[in-house]
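Undergrad: Have a look at this one before I ask anything.
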Amino acid sequence: MKILITGSKGQMGMEFQVISRGDPVNRYLFTDIEELDITDPIAVTNLIRKEKPEVIINCAGYTAVDQAEQEPEKAILINGTAVEILAKAANETESILIQLSTDYVFDGTAFTPYREDTPPHPLSAYAKSKFEGEQAVINHANRGVIIRTSWLYSSYGQNFVKTILKYGRERDSLSVIFDQIGTPTYARDLCRTIQDILPALNDHWGVELFHYSNEGVASWYDFAKAIAELAGMNCQILPIESKDYLQLASRPFYSVLNKAKIKARFGISIPYWRDSLLDCILKLTAGE
Ligand SMILES: NC(=O)c1ccc[n+]([C@@H]2O[C@H](COP(=O)([O-])OP(=O)(O)OC[C@H]3O[C@@H](n4cnc5c(N)ncnc54)[C@H](OP(=O)(O)O)[C@@H]3O)[C@@H](O)[C@H]2O)c1
């Protein structure tokens, strides 16, 4: 298959670059904003018409959750409007559009893991823009797959794991929120899963929604404790409540995703979050 990756310098994009090197089956075309600005309808249409990818994996996005409160229009443009542009261009070449979305489309009032058919209720400007992106796929793509994921990290880009490693080495203690519960997701695991399910999407028409994260649950505090422990850091991790930690954007207190659908449909197994975290930390310490 010929696969177009947008946002190829982000966490997911970089992980796709890594796994593409060991993929003898598929051909990849990597683009970030310099090669393809997904908000530019002419550029998007021209590139897709020229390259005719069978699959477009949209790894581009506006992911600064707090900053989005101050520039919601930019978040909507990149996470919403641009997805409509991609969907319409993908229809011309009958390409499958894979769109990544977020656990933050939920308001966090549930007590059990969120299923794909739970009605979303996004709390923040970022979450609203991502929900708009989902609606763009549902309303415009002839062949679409939406994958909601949560708490992404990787050895590339900016993320919670790298932040804790950095400050944990500089400080004696760090206070981390313990009352927001979710599941960390190693971007490489999600990329591998997408790569693995591609053959099963060959005859896919319509739009389907799936949830994917690593297995298990954690608070940000548990996540930070595990990072410190696995990296052998001496820094003390202290629990703090969300109300005592100023963040511009509201986040769901509970956003664990139910992954039964993706596991049943494609017969995949998903690694436990701590096992994947160890893998990422070993890569970071080895300097990958
Ligand atoms: N990170 C998370 O915790 C998380 C959780 C759930 C879902 N997701 C979703 O998963 C997807 C991938 O996330 P990620 O963490 O890999 O994102 P990321 O690391 O922020 O990467 C996004 C990439 O898209 C690029 N980009 C921004 N605007 C663009 C444009 N107009 N055209 C083309 N490229 C553009 C960014 O460039 P710049 O860096 O120069 O802006 C960056 O290279 C996103 O849709 C995100 O919403 C993320």
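Numbering (this note's numbering), first residue to last: 29 to 316.
Backbone N, C-alpha and C define an ideal beta-carbon position, used for all residues, glycine too.
Since the structure is predicted, the reported quantities are computational estimates derived from the model, not experimental observations.
1) Of all the alpha helix (DSSP H) runs that stay within the bounds of the segment 119-194, which reach a length of 4 or more residues?
2) How is the beta strand (DSSP E) around Phe206 delimited, first residue to last?
3) Between the beta-carbon of Val133 and the beta-carbon of Pro147, is there less than 7 Å?
4) Of the residues Glu236, Asp51, Val72 and Gly260, which one's Cα is nearest the Cα of Glu112?
5) To which residues of the same chain is Ala164 closer than 7 Å at the C-beta, ignoring the five residues directly before and after it?
6) Name the residue from Gln95, Ile85 and Cys308 whose alpha carbon lies nearest to the alpha carbon of Tyr56.
7) What's the gap between the Cα of Arg143 and the Cα of Trp179?
8) Candidates Asn286, Phe139, Gly260 and Arg302: which alpha carbon is nearest Thr313's?
9) At what residues does the alpha helix (DSSP H) containing Ile255 begin and finish?
10) Could you give the DSSP three-state label for Ile66: helix, strand or coil?
11) Do Pro81 and Lys30 come within 7 Å of each other at the CB atom, strictly closer than that value?
12) Pick from Ser183, Leu64 and Gln127: whose alpha carbon is nearest that of Glu160?
13) Given a threshold of 16 other Cβ atoms within 10 Å of its Cβ, counted over all protein chains shown, does Glu162 qualify as buried or as exposed?
14) Could you tell me the distance, in whole angstroms, from the CA atom of Lys291 to the CA atom of Ser297?
15) Are three or more beta carbon pairs between the segment 196-214 and the segment 240-258 nearer than 8 Å?
16) Under the assumption that Ala215 contacts Tyr240 (Cβ atoms under 8 Å), give the Cβ distance between them as a whole number of angstroms.
17) The alpha helix (DSSP H) that contains Phe238, what's its start and end?
18) What are the start and end residues of the beta strand (DSSP E) that includes Thr34?
19) Given this structure, state the Cα-to-Cα distance separating Ile124 from Ala117, to the nearest angstrom.
20) Please state whether the Cβ-Cβ distance between Tyr154 and Val235 is less than 7 Å.
21) Three-state secondary structure (DSSP) at Arg55?
22) Are Asp131 and Gly210 closer than 7 Å when you measure CB to CB?
23) For Phe44, does the count of other Cβ atoms within 10 angstroms reach 16, so buried, or fall short, so exposed?
24) In the DSSP assignment, find the alpha helix (DSSP H) that holds Gln39 and state where it starts and stops.
25) In the DSSP assignment, the alpha helix (DSSP H) including Pro81 goes from what residue to what residue?
26) Any idea if Tyr90 is buried or exposed, counting beta-carbon neighbours within 10 angstroms, 16 or more meaning buried?
TA: Taking the geometry as given:
1) Fully enclosed alpha helix (DSSP H) runs of 4 or longer: 153-168.
2) Working through the sequence shown from its first residue, we reach residue 206 at position 178. Following the DSSP letters along the chain, one finds Phe206 in no beta strand (DSSP E), marked with neither H nor E.
3) One-based indexing of the sequence shown puts residue 133 at position 105. One-based indexing of the sequence shown puts residue 147 at position 119. No, the pair does not count as a contact, with Cβ atoms beyond the cut-off.
4) Your numbering for residue 112 matches position 84 in the sequence shown. Checked all of Glu236, Asp51, Val72 and Gly260; the closest Cα to Glu112 is Val72.
5) Counting from 1 along the sequence shown, the entry for residue 164 is found at position 136. So the qualifying residues of the chain are Gly108, Val111, Glu112 and Ala115.
6) In the sequence shown, counting from the first residue as 1, residue 56 sits at position 28. Nearest of Gln95, Ile85 and Cys308 to Tyr56, Cα basis: Ile85.
7) Start at 1 with the first residue of the sequence shown, and residue 143 comes out as number 115. Start at 1 with the first residue of the sequence shown, and residue 179 comes out as number 151. Answer to the nearest angstrom: the Cα atoms are 17 Å apart.
8) By 1-based counting over the sequence shown, the position of residue 313 is 285. Across the set Asn286, Phe139, Gly260 and Arg302, the C-alpha of Gly260 shows the shortest separation from the C-alpha of Thr313.
9) Stepping through the sequence shown from its first residue, residue 255 is reached at position 227. It spans Trp248 to Leu258 - the alpha helix (DSSP H) in which Ile255 sits, taken as one unbroken run.
10) If you number the sequence shown from 1, residue 66 lands on position 38. Ile66 falls in the coil class under three-state DSSP.
11) Along the sequence shown, read from residue 1 onward, the residue named residue 30 stands at position 2. Along the sequence shown, read from residue 1 onward, the residue named residue 81 stands at position 53. Remark: C-beta atoms of Lys30 and Pro81 approach each other more closely than 7 Å.
12) For the purposes of this step, residue 160 is taken as residue 132 along the sequence shown, with counting starting at 1. For the residues Ser183, Leu64 and Gln127, the minimum Cα distance to Glu160 belongs to Gln127.
13) Position 134 of the sequence shown holds residue 162. Burial call: buried.
14) To locate residue 291, count along the sequence shown from 1; it is residue 263. To locate residue 297, count along the sequence shown from 1; it is residue 269. Near 7 Å, if we compare the C-alpha coordinates of Ser297 and Lys291.
15) Output reads yes: the segment 240-258 touches the segment 196-214.
16) Here residue 215 refers to the residue found at position 187 of the sequence shown. Here residue 240 refers to the residue found at position 212 of the sequence shown. About 11 Å separates the Cβ atoms of Ala215 and Tyr240, ruling out a contact at the 8 Å cut-off.
17) The residue labelled residue 238 in the question sits at position 210 within the sequence shown. Following the DSSP letters along the chain, one finds Phe238 in no alpha helix (DSSP H) but inside the beta strand (DSSP E) bounded by residues Gly234 to His239.
18) Here residue 34 is taken as the residue at index 6 of the sequence shown, counted from 1. Thr34 -> beta strand (DSSP E) spans Lys30 to Thr34.
19) On the sequence shown, residue 124 is found 96 positions in, with the first residue counted as 1. On the sequence shown, residue 117 is found 89 positions in, with the first residue counted as 1. Rounded to whole angstroms, the gap between the alpha carbons of Ile124 and Ala117 is 11 Å.
20) By one-based count along the sequence shown, residue 154 stands at place 126. By one-based count along the sequence shown, residue 235 stands at place 207. No. Outside cutoff.
21) Within the sequence shown, residue 55 is the residue found at index 27, counting from 1. Judged by DSSP in its simplified three-state form, Arg55 adopts strand.
22) Counting from one through the sequence shown, the residue named residue 131 turns up at place 103. Counting from one through the sequence shown, the residue named residue 210 turns up at place 182. Cβ atoms of Asp131 and Gly210: closer than 7 Å.
23) Position 16 of the sequence shown, counting from 1, holds the residue named residue 44. Phe44 comes out buried.
24) Along the sequence shown, one-based indexing puts residue 39 at 11. Per DSSP, Gln39 is one residue of the alpha helix (DSSP H) stretching across Gln39 to Ser48.
25) Locating residue 81 in the sequence shown gives position 53, where the first residue counts as 1. Neither: Pro81 is in no alpha helix (DSSP H) and is coded neither H nor E.
26) Mapped onto the sequence shown, residue 90 falls at position 62. Buried.
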